[in-house]
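Novice: Numbered per this note's numbering, the sequence shown spans residues 229 to 458. Let me give you the structure first, and then I'll get to my questions.
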Amino acid sequence: MSETAGYADRRLGRIRPLGLQRELLQIAAMLTMLIDHIGAVLFPEQPELRIVGRLSFPFYAFGIVQGYLLSGNVKAYMKRIALLAVISELPYVLAFGVWEINALGTLFICLTTLFVMDRIRFLIGKLLIAGAAIACLAWVPADYGFYAAVLILIYRYAQAHAAIVFHCLLNTYYGLSQGAQIQHFSILSTVWLAAGPNVRFSGRPVPRWLWLSFYPLHLTLLVVIKRLFF
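Below, the structure written as structure tokens:
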């Protein structure tokens with residue numbers, strides 16, 4: 229079956245967002261991430277901002293899977309993500325004060341994992357690559373770490389509604405092992421992606437430059453604001 233066969237294949241990553249057009253997905257991802265990072269960088273005493281922010285990473289993870297499956301040139305797509313990850317690293321370190329791989333770098337590792345897995349014929353080989361990626365991200369300091377790898381695999385391979393169940397299980401394990409109970413709120417994004425209403429977006433498409441530059445750009449602006457006013 230073709231990777232772009234559409235709704236006949238119910239695996240979540242192989243269909244376009246159910247009831248969530250591409251433009252609306254991008255807007256939701258950017259806004260919730262901005263709210264999350266405003267809370268983390270400028271107002272850490274406001275947990276409600278971080279709660280809203282839990283919705284952002286699943287949107288970006290899903291977008292990465294969609295980009296991988298629907299891109300006409302996967303290698304060029306991977307190069308763009310890698311370049312953005314490198315550009316974003318310094319603003320990320322300055323914004324959060326941690327020496328670790330930023331979220332785009334983590335997503336690039338996950339993207340590379342999908343690329344390698346799809347070039348291995350045997351299931352055992354695919355499982356070994358997936359396991360190695362999860363173990364690597366559990367060991368190497370990286371934003372979202374192994375959580376990102378597992379969520380990407382869920383979006384790539386799980387049936388649409390099964391993805392909700394698997395994401396719930398992932399959140400439960402992550403909450404218990406990392407003490408990040410707030411991550412449970414992220415399930416709302418997967419519910420929206422897999423079973424959300426048929427929302428239609430009638431506005432203008434998100435400019436490509438804005439979508440590509442938003443992560444490093446908003447982090448840089450937050451660093452400047454923090455240094456000047458906080």
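Just so you know, even glycine gets a beta-carbon here, dropped at the ideal spot from N, CA and C.
Taking the alpha helix (DSSP H) that Tyr372 falls in, what are its first and last residues?
Specialist: To locate residue 372, count along the sequence shown from 1; it is residue 144. Taken as a continuous stretch (DSSP letters only), Tyr372 belongs to no alpha helix (DSSP H), as it is neither H nor E.
Novice: Output the distance between the C-alpha atoms of Asn537 and Tyr320, rounded to the nearest integer angstrom.
Specialist: In the structure as shown, the chain starts at 229 and stops at 458, and residue 537 therefore has no counterpart that could be examined.
Novice: Among all the DSSP beta bridges, which residues are the ones paired with Ile329?
Specialist: One-based indexing of the sequence shown puts residue 329 at position 101. The partner list for Ile329 (beta bridge, DSSP) reads Ala370.
Novice: Spatial neighbours of Ala376 within its chain, please: C-beta separation below 6 Å, excluding the five flanking residues on both sides.
Specialist: Taking the sequence shown and counting its residues from 1, the one referred to as residue 376 is at position 148. Answer for Ala376: Thr334, Cys338, listed in chain order.
Novice: Run the CB neighbour count on Ile329, radius 10 Å, all protein chains shown included, and call it buried at 16 or more, exposed below.
Specialist: Here residue 329 corresponds to residue number 101 of the sequence shown, with the count starting at 1. The residue is buried, with at least 16 neighbouring Cβ atoms inside 10 Å.
Novice: Using beta-carbon positions only, say whether Met306 and Phe442 come within less than 9 Å of one another.
Specialist: Here the question's residue 306 lines up with position 78 in the sequence shown. Here the question's residue 442 lines up with position 214 in the sequence shown. For Met306 and Phe442, no; Cβs fall outside 9 Å.
Novice: Would you identify the three-state DSSP class for Arg282, choosing helix, strand or coil?
Specialist: Within the sequence shown, the letter at position 54 stands for residue 282. Three-state DSSP puts Arg282 in coil, outside helix and strand.
Novice: What does a CB cutoff of less than 8 Å around Ile315 pick up in its chain, not counting 5 residues either side in sequence?
Specialist: Stepping through the sequence shown from its first residue, residue 315 is reached at position 87. For Ile315, where only same-chain residues beyond five positions count, the Cβ hits under 8 Å are Pro444.
Novice: Please specify which runs of the alpha helix (DSSP H), each continuous and at least 4 residues long, are wholly inside the region 251 to 298, giving them in chain order.
Specialist: Annotation: the region 251 to 298 contains the following complete segments of the alpha helix (DSSP H) (minimum length 4 residues), in chain order: 275 to 281, 284 to 298.
Novice: Please look up how many angstroms separate the CB atoms of Phe271 and Leu277, rounded, as I've assumed it's under 8 Å.
Specialist: The residue labelled residue 271 in the question sits at position 43 within the sequence shown. The residue labelled residue 277 in the question sits at position 49 within the sequence shown. So it is a contact: roughly 6 Å between Cβ atoms.
Novice: Buried or exposed for Ile327, going by 16 or more other Cβ atoms inside 10 Å?
Specialist: Residue numbering aside, residue 327 sits at position 99 when the sequence shown is read from its first letter. In the sequence as presented, Ile is not what sits at residue 327; that position holds Trp. Trp327 is exposed by the Cβ-count criterion.
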